[in-house]
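Worksheet: one structure, shown below.
Protein chains: 6
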Amino acid sequence: MLSLLLRTFSRQVLIRAMSSSGPTSPYTTLSICRPTPSITHVELHRPEKRNAMNKAFWREMVQCFNEISDDSDCRVVLVSGAGKIFTAGIDLMDMASDVLQPDGDDTARISWNLRRTITKYQETFSVIERCPKPVLVAVHGACVGGGVDLITACDIRLCTQDAWFQVKEVDVGLAADVGTLQRLPKVIGSRSLVNELALTARKMYADEAKSSGLVSRVFPDKDALMAGALEMAEEISARSPVAVQGTKINLIYSRDHSVAEGLDYMALWNMSMLQTNDVMKSAQASMEKKSPKTIEFSKL
Amino acid sequence: MLSLLLRTFSRQVLIRAMSSSGPTSPYTTLSICRPTPSITHVELHRPEKRNAMNKAFWREMVQCFNEISDDSDCRVVLVSGAGKIFTAGIDLMDMASDVLQPDGDDTARISWNLRRTITKYQETFSVIERCPKPVLVAVHGACVGGGVDLITACDIRLCTQDAWFQVKEVDVGLAADVGTLQRLPKVIGSRSLVNELALTARKMYADEAKSSGLVSRVFPDKDALMAGALEMAEEISARSPVAVQGTKINLIYSRDHSVAEGLDYMALWNMSMLQTNDVMKSAQASMEKKSPKTIEFSKL
Amino acid sequence: MLSLLLRTFSRQVLIRAMSSSGPTSPYTTLSICRPTPSITHVELHRPEKRNAMNKAFWREMVQCFNEISDDSDCRVVLVSGAGKIFTAGIDLMDMASDVLQPDGDDTARISWNLRRTITKYQETFSVIERCPKPVLVAVHGACVGGGVDLITACDIRLCTQDAWFQVKEVDVGLAADVGTLQRLPKVIGSRSLVNELALTARKMYADEAKSSGLVSRVFPDKDALMAGALEMAEEISARSPVAVQGTKINLIYSRDHSVAEGLDYMALWNMSMLQTNDVMKSAQASMEKKSPKTIEFSKL
Amino acid sequence: MLSLLLRTFSRQVLIRAMSSSGPTSPYTTLSICRPTPSITHVELHRPEKRNAMNKAFWREMVQCFNEISDDSDCRVVLVSGAGKIFTAGIDLMDMASDVLQPDGDDTARISWNLRRTITKYQETFSVIERCPKPVLVAVHGACVGGGVDLITACDIRLCTQDAWFQVKEVDVGLAADVGTLQRLPKVIGSRSLVNELALTARKMYADEAKSSGLVSRVFPDKDALMAGALEMAEEISARSPVAVQGTKINLIYSRDHSVAEGLDYMALWNMSMLQTNDVMKSAQASMEKKSPKTIEFSKL
Amino acid sequence: MLSLLLRTFSRQVLIRAMSSSGPTSPYTTLSICRPTPSITHVELHRPEKRNAMNKAFWREMVQCFNEISDDSDCRVVLVSGAGKIFTAGIDLMDMASDVLQPDGDDTARISWNLRRTITKYQETFSVIERCPKPVLVAVHGACVGGGVDLITACDIRLCTQDAWFQVKEVDVGLAADVGTLQRLPKVIGSRSLVNELALTARKMYADEAKSSGLVSRVFPDKDALMAGALEMAEEISARSPVAVQGTKINLIYSRDHSVAEGLDYMALWNMSMLQTNDVMKSAQASMEKKSPKTIEFSKL
Amino acid sequence: MLSLLLRTFSRQVLIRAMSSSGPTSPYTTLSICRPTPSITHVELHRPEKRNAMNKAFWREMVQCFNEISDDSDCRVVLVSGAGKIFTAGIDLMDMASDVLQPDGDDTARISWNLRRTITKYQETFSVIERCPKPVLVAVHGACVGGGVDLITACDIRLCTQDAWFQVKEVDVGLAADVGTLQRLPKVIGSRSLVNELALTARKMYADEAKSSGLVSRVFPDKDALMAGALEMAEEISARSPVAVQGTKINLIYSRDHSVAEGLDYMALWNMSMLQTNDVMKSAQASMEKKSPKTIEFSKL
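Right, dumping it as C-alpha cells:
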C-alpha cells in the first residue's frame, strides 16, 4: 500500500519534471526529457502556435527520432503536446512556399520538386515507425490534420476525455498525403468510419475514438493521461528490450505482409534473438515471482 | 436558426423528390435522380420484387456507374432501395439459367463459361469501387446475399434501426463469389464475426452492424436515414472534387498495398494534384471562416 | 416448443458425452470425440497441468488436424480445454531443451536449428488454418501465451464471462513467434490495443475481448459456452460442405491478398464448385421452407 | 513427300489470301481475315502511313481483340503489318490534341484527364494479353515506339532478317507509358540491354533481337516470315483449346506472382479443366500416333 | 600434373560406382548412392520404362528429398537418369486412375479431389526447391513433360550434346500443372521462347537450351556429363555449408520478392549466420592459399 | 567526316582528363570529375589496394550519390575503377572489426548490431539505384565479390575483353549479403548460370558476361571502353532529363511489381510529366531532323 503511494508520488514528480519550459537544444519545436533513464519524452513545444507543424518541426522530428533509434539507453518513447492542445496540424503560413509555390520551370519540374517535398514530409512520420523502440502518444485537446498523420504512425494511442481528432485535409482542397490515408484504415476497424472521417473532415471525439479502436484508453484529464502514459511506458521499459523491440518490428512487418510471410520473417528473427540471456533472466524472475522491473537487461 | 429551419425544410423537399415513381430510362431496375446538381441518387427500384437482383440489374449497374464516373457534374453518389426493404439479394429464378444451367460441351467448357459469368457479375460491384466519386449507401429493412456484396463495395454505409444484414450464400449451397468474402473482412474489425456471419448465414441487426463497424451511423427510420445520408452527401459534395476523389482513390489503393507502397503512390498522386487552384480557394475560404459550400470549384 | 425442449435436452446429452475422461489414443494431450457424426470435438486434455503445451502437444496437434482434414465425415471442428482453464500456454519445463539449449557447434548452426524448431512449432497452428473445415474455439478461464497463438488461428472465437487472454511472451524475454504477432492484428480491429497487449503483456478480459472483436460471443459460464458452441457447430455442419469449406478457404486467401486477387481466385474456385448438386438441393429446401438440416449432402 | 509439297503449296495460297487489299469493316486501320477457320489474322493496315498508330487505331484494337476473345471459333491470333514496315509507332500528328493539348482548368484537372487518356491507351495493348488465345506477332522492317509496346504484349515474337526495333520515346521527351517499360524487362533476359535501349533510343537489329530473346525466330524475308508464322499458328490451333488457352492464362499469371502463388492458381485452374474430354481425345490420338490435327475438339 | 591425373582417375572410379544396378531400398524408382560422403546421388531408376514417372515415383521423391534435407552429412545433391534417356515424363498408364478417373459424387467433389492430387504432385518437385542443399541435375537424351517440371525445380542444369527437352502437356490436352509454367519463365531469359515451347510442344535441343540459358553447360556425352557434374558437386561441397545453403535459400527467396524485401530478408539471415566459425576458417585458408577442400567444416 | 574526327579527338581529351591523379576532396576512396557539364564520373580510386572496399568507401559512396541525386546539372553518372582492375571487392582487413568482431553482450545483441551493419552496407549500393540519373559502369580487369554487388545496382554494364567477374562470397564462408543474390538473377537471363556462379565462386569472363546479358557491350581495351562509355553517356545526357530519369524510375519500379501495377504507376507518373516543355522541344527538333544534342532543356 505504501509502495503504491510512493510509486504514485514519485510519478507525480516525474510528470512535473516533464512539463518543460521550452524546446531543448538543438531543437526549436521539440522539448526532450528523460523522466526515467530508459524513457524518452518528446514534447511538441510551440504552445503559443498550438504546436502547429512548421518547417523546422518536419526536420527536427527526423533528427530527433534518428537519435532515439541509436540511443541504446532508451527503451520507450512518449510523445505529447505542450499547452492547450496536442497540435493544430500543419502551419500553412510557414510552409506555404514549399507547398503552394513550388519551384520548377514547367509543370513536370514543379511536380518533380513537389514529389521530393512530399516524400521528405512522409519521412518525418515514417521515422517513428522505423524507430525500433515503442512509441506511445498521449493526445489532449485537438489533434488536427498532420496530427492524425503523426499519431497513426505511433504504436499506442491514449487520449483525454476532451480530445478530438480531425482529418482536415479535404477542407483545404487536398488529399492527405503524409500517412493518414495509408495508416488510419489499418489502425481502426471500421472502413465506413475511416471513409466518413476522411471525406467529410468531421471531428471525432474521445468516445468514438475509443469505441472505434483509434485509442486504446481514455483518461479524464491531461494529468491523468500523462500519469497513465508514463505508467504504461514504465511497464514496457521494464521488459527485455530484445523482446519488446523485436515485437514492434515484427508487428509492423506483419501488417504489410501475408501471414505466411510474416511467420517466415519471425522465424528468421528469433533464430538469433532467442539466444539472448534475457530469456533466462526473465524466466527466472518469473519463477521467483519477481517483477520484471527488478531485472537488469543489457543495453540494446 | 432560421437558416437551419430552411435547410431542414429544403432537404425535406429534396428527399420527397427522390422518392421516384419508377425506374428511369434507360433502366428497368434503377431509378436515377439529382437531388442537387452534384449528387446522383441511384435507387434500386423493383419494389414489388423486394429489389431482387435480376439479369437486367447486373447489366444496368455497370452502365449506370460508368456513366456516373464520366459525369463531371456529379461529385457524390447515394444508393438506396425503393419500397419496404433494401434488397432481397439475387433473383434466383431470373438468373437460374446463367448459374444453374451453364452452357458447355464438357465440364471444362462449362467451367470456362461459369468463370466468365462470375467475373462479369463481380464487375457489377467493382465498378462502384472504381468510380472515383464517393458512394454512400443507405440501407433500410433487409439487406440479403448480393446486397451485402453491393454495400461492402460502397464507401460509407448508413442504416435504419430496423435494418438487418445476412450473408446468405451458404444457405443455398455456395460460397459467396461477388465480393463479400473479399471485402467484408477489410470493412469490419472482427474476423471472428465475419467468419460467423459467412459460415452460419445468421442475421446481423443494426446495433451489431454499428458496434462492429459495418455501418458508421444508425438512424431511427427511413426518413431520418435519407435526410442524414443526403446531408452527408451535401457535406462531401461541397468540398473540392480534386481533394475528395483523390482521397477515395488513395484509400482504396492503400487497402491493397503495404504502407510504404501506399505512401509512394500518394506522393506520385499529389505531385500534380497539389497544383490545383482548389487549394488556394479552400485555404482562403477557410481563413475567411466561410463554409466550403460557398466556393465555386471547376468540374472534374 | 416441444421440439425446442427436445433439442435442448439432446444437446445437454451431447455435451455431457463430450466431457471425456482423458486423452484419446493415439494422443496423450488431446481428447477427441464426435458429439454428432459431422462434428469433431478436440479437447486440450492435460487438466492437471492446466493444459500447458508440452512437446507431445505440438506434435499431436499436427497429426490430429491432418487426420481431420482428410476425414470426409467431419464438417466442423470444435476446440476447447479440459479442466479449470483453457490453457496456461507453453510448458516451458518440458520444452526448455528445444528452446533454451538448442544444438549446434557455433552460433550459425544453433540459429539454423532454432529456425527449424520455430518453423515446426508455427506449423502446429497453421494446420488449423489449412484444415478446410471451420474451426470454432471455446475459451473458458485463462488463455495465455501459446493459447493466444492457437485461438487466432481458429475461425470463430467464443468465450465465457470469466475468460481472460494474455500475450505473455515479452514477460519471458522473447517476441511471440508462433502466430500471435502475425494473426492478432488481422483478427481484431484496433491496432493500438494489439500493440498494447503485445508490448505490456497485460490481461484482457471477456468484455474487452468482445468489444474489440477478438471473440464474437460471450457466454455466462462453461456449460452455456459449450452448448452455444455446439449449437453453432451444428448450424454450420448442416450446410453444404462445398459451400462451407469453400467459404473458409476463400476467406483466408482474401486476408492475404488484394481484393482484385481475391476475386480472381474466387471466380476460379466457383467455376467448378458451382457445379455441385448441393446448390439444387439447398435451393429446393429453401423454397420448401425446410431447414438445411433436412438435406443429405454427399461427403467431401 | 507429296503431302509436304501439298502442305507447302496450300500455305502459299493461304498467305496470298492474307495479303488483303485494305481495312476490313468496321475498321479503318485494321484488316482482319481467316486464313484457316481457327486462325484470325489481324493486319495493321495503313501502309501509306507506315502503319502509324492514329486515334482510330487505339480504339479499333480494343474492339477487335474483344471480339476475338469472344469468338469461340478462333484459337490463335496472328498480327502483322501491311506494306514496307511493321509500324512507325504513334501518329503524333493525329494524336497531338490528346497528348499535347489535354483539357482541364488547372494542372490537377489536366493531369486527371491525361491519366484517363494514358490508361485508355495502355488498355489497347493489355487487351492482347487478356485475350485467352495465343497471339503471335510477325515483324518485318521497322518496329518503332508504340510498336515495341504492342509486340511485348504479344505471346510469341518472330521477325525478318531486316527487322529492327527502337524504344523511341526518350527521343521525343517522354518516358514510354503504354507498356514497354513494364513488359520488355520481363520479356528479354538482359537488364543492361533493356536499360540501354530505353535510355538511348538506339536501334536493335534482328540478330541482337534473337540473341537477347526478344524474338524466338528470324526468317530471311517477309514471305518466309508469314509462312513460318502461319505454320506455327496452325501447330498451336491444332491442339486442345482448353490446354492452349489455359497455358497462356497461367503463364501470364505466373509472371506477376511468386512460384507458390502460381502453383496454387494452377491447381485451382486444372481441378476443373482436367475434366475435359480433350485429354482423352488427345491421349488416344497420341497413342495411335495420329497428328493432333486429326482431332475434333469442341469449341471454347 | 600427377595430382590432376589421380583426381581424374579417382573421379572415374566414383562415377562407375554411381552406375548402380537398381533402385535402392526403400525405393522402387530411385537409386541412391554417396559418391563422396557429402554428395548424394539420386538416380531415376526405371530404365526399362524410360524412367517414366509412376505413382511410386511421385511419393518416393518426397520421401527421398525430405530425408536428404535432414541429413546433415549431405551438402550437395546430384540428380540423373539411368538408362538411355533422362525421363519420358509422366507414366500415363500408371497414373490414369488419379488423373483421368478421379473420385467424387458430383463435379464439385471431383474437382475437390483433383485439386488435392495436383497439389500433392506439385509438392514432389517443390521439395527439391525447399531442400536447402543445392541440387544439380544432369540430363542426357530426352527430358519430356514432367521431366521439365522436375529440372526447373533444380538449381543447376547440365546436359549432354544429344539432350532434348519438350514441354509436352498441350499435346495431351492439358496445361502443365506441376511447375513448368511457373518456373520455366523465371529460369530462362526469353519469354517468346518459353511461350513457343509451352504452346507448340516442340523439342528444344542442347544448343538452344544452352543459348537460352536453360542449362549452363553442355558436355559431349554422358560420361563427360557425369564427370563434369560430379566435379561441380565437389567444388560446391567443399565450401562452407552455412555459406552454400544460405545462398540457395536467399536466391529462391529473392526470386519471389522485390529487391528491397530480398535485402531485408538477407540482413535477417546473415545477422546470425555471419557468426559462424566457417568465416574465419575460410578466410584463413584463403590467405594461406589453401583450397577450400582442405577445410573441416562442422555439419549443418 | 571531319566532325567525326573532331568528336573522336575531343573525346580523347575528355578521357585523358578523367584519368585523375587521386581521390577528390572530400573523398579518400573516390575521384570525382565532370568530363562534360552534365556527366559525373565517379572513379573508385585506391589503385594501390586494387580499389578494395574499405570502411571509408562504404560511407563515401552514400555521400557521393546523395550529392549527385541532388545535383540538377548532372544527367548521367559513369562509374569506373582506377589502376589495373575494377575492384578486388571488400577490404577484409579494414572491415574485420565490423564483420568479424561485432559488439554485443549476448548473441541477440551481436545479431542486432550485425543487422544494422549489413543494412548500412546494403544502403551503399541501393543509393545507386535510388539515384534518378542513369548510372553506367565500365569494368576492366577483375570485378570480385562486393564489385558484383556494386555493378548489379548500376543501370548499364560495359566491360573490356579482359574483364572477369566473380561472386566470391562462398569462398570466405558467407552468403553474399549486399545485393548480388537479390539483383543478379533479375539482371541476367539464365538462373542456372546465376546459381552456378554464386555456389561455386567460379570466374566468368567477358564473353560469357556478354552472352548471358550481364554486360551489354564488350570493348577491346580500357581506352576503348572509356571512350564507348563516355559516348553512350553523352547520348543519354543529350536527351530530356524528364524523359530519361522518368524512364529509370519506372524501369526499377516495374522490376519489383506486376505488369498491372507498373502500368498504373506509369500513368500516375506521366499524368504530370507529359506536361513538360521538353516534349514540344524534342518533337520540334525531331521534325527538323536536328540532333537532341542541340536542344536546351531546363535543369531537373
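Chains as they are written, first to last, in full-length UniProt numbering: chain A, 1 to 300; chain B, 1 to 300; chain C, 1 to 300; chain D, 1 to 300; chain E, 1 to 300; chain F, 1 to 300.
Here a beta-carbon is modelled for each residue, glycine too, at the ideal position from N, C-alpha and C.
Query	Result
Beta-carbon proximity list for THR152 of chain E, same chain, < 7 Å, skipping 5 on both sides	GLY179, THR180, ARG183, LEU184 and VAL187
Where TRP58 of chain C meets chain E, residues with beta-carbon distance less than 9 Å	Those within 9 Å of TRP58 of chain C in chain E number zero; the least Cβ separation is about 18 Å.
Contacts that PRO185 of chain D makes with chain F (C-beta to C-beta distance below 7 Å)	LEU251, SER254 and ARG255
As assigned by DSSP and simplified to three states, the class of ARG239 of chain C	coil
N-terminal and C-terminal residue of the beta strand (DSSP E) that VAL178 of chain E is part of	Element bounds for VAL178 of chain E: n/a, residue is neither H nor E.
Three or more C-beta pairs below 8 Å linking the region 121 to 137 of chain A and the region 153 to 165 of chain A	yes
For PHE219 of chain D, the residue or residues it bridges with in DSSP	D:THR160
Rounded separation between TYR265 of chain B and THR29 of chain A - CA only	30 Å
Residues near ARG50 of chain E in its chain [Cβ-Cβ closer than 6 Å; skip 5 each side]	ILE85 and ALA88
Beta-carbon proximity of LYS277 of chain A to LEU174 of chain C, cut-off 8 Å	Per the sequence shown, residue 277 of chain A should be read as Asn rather than Lys. No, the Cβ-Cβ distance between ASN277 of chain A and LEU174 of chain C is not below 8 Å.
Where MET271 of chain E meets chain A, residues with beta-carbon distance less than 8 Å	SER272
Delimiting residues of the beta strand (DSSP E) encompassing ALA138 of chain E	135 to 139
Neighbour-count burial assignment, GLN284 of chain D, 16 or more Cβ in a 10 Å radius	exposed
Candidates D:ASP105, D:ARG34 and D:ASP94: closest to TRP58 of chain D by CA position	D:ASP94
For ASP162 of chain B and GLY141 of chain B, believed in contact at Cβ under 8 Å, the rounded distance	6 Å
In DSSP terms, what HIS41 of chain C is bridged to	C:CYS33 and C:LEU78
8 Å Cβ cutoff met for LEU214 of chain C and SER211 of chain B	no
Within 7 Å of chain B by C-beta, residues of the region 87 to 114 of chain D in sequence order	ASP105, ASP106, THR107, ALA108, ARG109, SER111 and TRP112
7 Å CB neighbourhood of ALA243 of chain A in its chain, flanking five on each side removed	ASP278
Under 9 Å by beta carbon: chain B residues contacting LEU300 of chain F	Result: empty, since nearest Cβ-Cβ is about 13 Å, beyond 9 Å.
Chain-ordered neighbours of GLU235 of chain C on chain B, where CB pairs are closer than 9 Å	LEU199, THR200, ALA201 and ARG202
Beta-carbon neighbours of VAL242 of chain E, restricted to chain C and to distances below 8 Å	ALA108, ARG109 and TRP112
Chain C contact for LEU263 of chain D (CB, 8 Å cutoff)	no
Separation of ALA233 of chain D from ASP103 of chain D, as counted between CA atoms	44 Å
ASP73 of chain E and PRO37 of chain E closer than 8 Å at C-beta	yes
Residues that LEU268 of chain D contacts on chain I, provided the C-beta gap is smaller than 8 Å	Judged by its chain identifiers, the structure shown contains no chain I, and its protein chains are A, B, C, D, E and F.
Validate contact between the region 162 to 172 of chain D and the region 197 to 209 of chain D using beta carbons, cut 8 Å, 3 pairs	yes
Residues sharing a beta bridge with THR87 of chain D, DSSP	D:CYS143
Any C-beta of chain B under 8 Å from that of residue 317 of chain C	Outside the shown range of chain C, which is 1 to 300, sits residue 317 of chain C, and nothing can be said about it.
Buried/exposed call for ASP91 of chain B, threshold 16 Cβ in 10 Å	buried
C-beta atoms of ARG115 of chain E and ALA267 of chain D nearer than 8 Å	yes
7 Å CB neighbourhood of GLN245 of chain C in its chain, flanking five on each side removed	PRO132, LYS133 and LEU300
Cβ separation of SER111 of chain C and SER272 of chain A, assumed to be a contact under 8 Å, to the nearest whole Å	5 Å
8 Å Cβ cutoff, ASN277 of chain B in contact with chain D	yes
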